[in-house]
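Novice: Please find one structure pasted underneath; my questions will follow.
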Amino acid sequence: MQAIQWKTNQLDLIDQRVLPFQEKIFTCKNIQDVFFAIKNMVVRGAPAIGVTAAYGLVLALQTNPTKEAFNASCRKLLSARPTAINLKDAVHTMTTALGDDLNPIRAEQIAVQYHRDDLAMNRKIGKNGASFLPGQRKILTHCNTGSLATSGWGTALGIIRELHRQDRLIEVIANETRPFLQGARLTVWECMQDNIPVRMATDGMGSYLMAEGKVDAVIVGSDRIAANGDVANKIGTSLLAIAARYYRIPFIVAAPSTTVDPQTRSGKDIPIEQRPAREVTHIRNQAIVPEGLEVYNPAFDITPAELVTAIITEEGVFEAPYCFNP
């Protein structure tokens, strides 16, 4: 499956807001379309956001190749999702490689290579993670970290795919991941597409499943990893890490090196995106709470480094104490 497809002067994205009930393409023809797609979670997952942003800057230069317009486009994209560091990495990669030569053709070449590099990193993450986990495995995962969240294959789900390829996956349990239901709608769909044995759990079941021996490893992705190893990931991740520590189950974070932010000293320095209340109060446009109720809706939480068994990137397996220097 290709969630991101570049076609010279337009970017086609699988619209993740409507999966699995509809398989619909959202077409971006300018920077505003790309901003909307990232902001409104047509595309989501830190690596996929980064790749989308890179192509967005190509579209921006195809429309207006002036320095002023390009800088404005960069600022606009950076404001779309503040937590995911891959967005910043993509913009930095594009601006650094282009310099003052704002050639749309050159920009396209850089973006295409950025896309290819992310896919290659995903494959390596899968192999590194599978090597770290011996024997047969029952994996619990949270949110969506597969082909829909990356250039393809996936990070945490990439490890799960590799375990399945090696006939070492007993079952993957996908948390539903409220409120956007990335696990229920996207991870389950991806697993079923690939005939990976999958079962869904609600977000509050993790501790029970660990206590019952139904989980022997937790693998999640990340939207930003601080220099000290603190991990920003989908809301609810830290609950799983706490439970995994209590039950002495490995808690593994899988992400490309582009998700590591050495400039951010700790999780306290990571901005946490606050999403609209309606995402919590409604499901498929149907209200599920009394009208007027106030809710919390942080998109991410911080898992302290001391709860993380290993951070796995394309470069290898990192274990505590973590120190990702600039």
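If you read the sequence shown in the numbering used here, its first letter stands for residue 103, the second for the next number, and so on. Where a beta carbon is used, it is the ideal one built from N, C-alpha and C, also for glycine.
#1: Would you list the residues sitting across from Val320 in a DSSP beta bridge?
#2: Please state whether DSSP places Arg301 in a helix, a strand or coil.
#3: Are the beta-carbon atoms belonging to Ile275 and Arg301 less than 7 Å from one another?
#4: For Leu113, which beta-bridge partners are listed by DSSP?
#5: Taking only the alpha-carbon atoms, compute the straight-line gap between Arg119 and Gly237 and give it to the nearest angstrom.
#6: Can you name, in chain order, every residue of its own chain whose Cβ lies under 6 Å from the Cβ of Leu113, other than the five neighbours on each side?
#7: Mark Thr110 as exposed unless 16 or more other C-beta atoms lie within 10 angstroms of its C-beta, in which case mark it buried.
#8: Where does the unbroken alpha helix (DSSP H) through Ile261 begin, and where does it stop?
#9: So what's Arg183 in DSSP terms, helix, strand or just coil?
#10: Can you tell me whether Gly338 is buried or exposed? The criterion is at least 16 other CB atoms within 10 Å of its CB, across all chains shown.
#11: Whose C-alpha, out of Arg267, Asn427, His194, is nearest the C-alpha of Leu480?
#12: With a threshold of 16 other CB atoms inside 10 Å of the CB of Gln124, please say whether the residue is buried or exposed.
#13: In whole angstroms, what separates the C-alpha of Ala105 from that of Arg347?
#14: In or out: Lys336 buried (at least 16 other Cβ within 10 Å) or exposed?
#15: By DSSP, does Asn173 sit in helix, in strand, or in coil?
#16: Please report the straight-line C-alpha distance between Arg280 and Phe426, rounded to a whole angstrom.
#17: Taking 6 Å as the limit between beta carbons, can you name the residues of its chain near Trp108, skipping five residues before and five after?
#18: What residue from Leu288, Leu163, Ala192 has the CA that sits closest to Gly250's CA?
#19: With 16 other CB atoms within 10 Å as the buried threshold, where does Asn246 fall?
#20: Taking only three categories from DSSP, how would you classify Arg326?
#21: Hey, how far is the Cα of Val144 from the Cα of Gln134?
#22: According to DSSP, is Pro167 part of a helix, a strand, or is it coil?
#23: Can you give the Cα-Cα distance for Glu264 and Glu396, rounded to whole angstroms?
#24: In three-state DSSP terms, what is Ala276?
#25: Identify the residues that DSSP records as bridge partners of Gly418: which are they?
#26: Cα separation between Ala343 and Ile187?
#27: In this structure, does DSSP put Asn230 in helix, strand or coil?
#28: What do you reckon, are the CB atoms on Phe353 and Val320 nearer than 7 Å?
#29: Looking only at C-alpha atoms, which of Asp202, Leu311, Arg183 sits nearest to Ala150?
#30: Are three or more beta carbon pairs between the stretch 413-420 and the stretch 385-394 nearer than 8 Å?
#31: Phe128 to Val153, Cα distance in whole Å?
#32: What's the call for Thr198, buried or exposed, on a 16-neighbour Cβ count within 10 Å?
#33: Starting from the Cα of Tyr216, find the closest Cα among Ala303, Thr366, Asp203, Ala155 and give me that residue.
Specialist: Taking the geometry as given:
#1: Residue pairing from DSSP places Val320 in a beta bridge opposite Leu242, Phe353.
#2: Reduced to three states, the DSSP call for Arg301 is strand.
#3: Yes, Cβ-Cβ distance for Ile275 and Arg301 is below 7 Å.
#4: DSSP, once it has assigned bridges, lists Trp108, Cys130 as partnering Leu113.
#5: Distance from the CA of Arg119 to the CA of Gly237, rounded to the nearest whole angstrom, comes to 36 Å.
#6: These residues qualify, in order along the chain: Cys130, Tyr157.
#7: Answer is exposed; the Cβ neighbour count stays below 16.
#8: First-last of the alpha helix (DSSP H) with Ile261: 258-267.
#9: Coil at Arg183, not helix or strand.
#10: So Gly338 ends up on the buried side.
#11: Outside the displayed range of the chain (103 to 428) lies residue 480, so it cannot be described from this structure.
#12: Result: exposed.
#13: Rounded to the nearest angstrom, the gap between the Cα atoms of Ala105 and Arg347 is 34 Å.
#14: Buried, since its Cβ has 16 or more Cβ neighbours within 10 Å.
#15: Note: Asn173 maps to helix in three-state DSSP.
#16: Approximately 31 Å between the Cα atoms of the pair.
#17: Scanning its chain for C-beta atoms nearer than 6 Å, with the 5 sequence neighbours on each side dropped, one finds around Trp108 the residues Tyr157, in chain order.
#18: Note on residue identity: the sequence assigns Leu, not Gly, to residue 250. Minimum Cα distance to Leu250 is reached at Leu288.
#19: With 16 or more other Cβ atoms within 10 Å, it is buried.
#20: Arg326: strand per DSSP, three-state reduction.
#21: Their backbone Cα atoms lie some 13 Å apart in a straight line.
#22: If DSSP states are grouped into helix, strand and coil, Pro167 belongs with coil.
#23: Approximately 42 Å, taken between the alpha carbons.
#24: Residue state, collapsed to three classes: strand.
#25: As computed with DSSP, Gly418 is found in a beta bridge with Thr415.
#26: Taking the Cα positions, Ala343 is about 21 Å away from Ile187.
#27: If DSSP states are grouped into helix, strand and coil, Asn230 belongs with the helices.
#28: The Cβ atoms of Phe353 and Val320 sit closer than 7 Å to each other.
#29: Out of Asp202, Leu311, Arg183, Arg183 has the C-alpha closest to the C-alpha of Ala150.
#30: Inter-segment contact for the stretch 413-420 and the stretch 385-394 is absent: fewer than three beta-carbon pairs are separated by less than 8 Å.
#31: When only Cα atoms are considered, Phe128 and Val153 end up about 15 Å apart.
#32: Answer is exposed; the Cβ neighbour count stays below 16.
#33: The shortest C-alpha to C-alpha distance from Tyr216 to any of Ala303, Thr366, Asp203, Ala155 is the one to Ala155.
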